[in-house]
Amino acid sequence: MRGWIAAIVLAGGLNLAVTAPASPDEVPTVLAPEDTPEEVLRLEEPDYAFSPVDGTRLTLGEYAHLQAELAEAQEVAPQISPRIKQLIFLLKARKVLRTFLPFL
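Using the working numbering, you'd call the opening residue of the sequence shown number 683 and step up by one each time.
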């Protein structure tokens, strides 16, 4: 039984050694020559971006314009009544005073 296994393994190894290509030019390629490897594609900068609003595909100029519009929209100051501003000031002043006078 062991003799058969050794003969099969030996014959398989010899078969691989005989059929191996002699030079790298003879090795068949997996990819077609016009396909760009993934490593190269990862290094290329994309010429598009996706909208943070609805996920549509935008050019880089449109994306920059949208980012500027969104930044301007966030700069609006909230409207707070003067009475609430005064209350916030008094609460902050009370907090500072409590560090020096804890019994207040």
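For every residue, glycine included, the Cβ atom is placed at its ideal position computed from N, Cα and C.
Cα atoms of Pro734 and Phe782: separation of roughly 48 Å, rounded to the nearest angstrom.
DSSP places Thr741 inside the beta strand (DSSP E), whose first and last residues are 739–741. Here the region 773–780 does not lie against the region 754–761, with fewer than 3 beta-carbon pairs under 8 Å apart. In the pairwise beta carbon analysis, the region 716–723 is classified as not touching the region 737–754: fewer than three pairs are separated by under 8 Å. Remark: C-beta atoms of Leu742 and Tyr730 approach each other more closely than 8 Å.
Each residue's CA atom was taken as its position, placing Tyr745 and Glu727 some 15 Å apart. DSSP places Ala731 in the strand class (E or B) of the three-state scheme.
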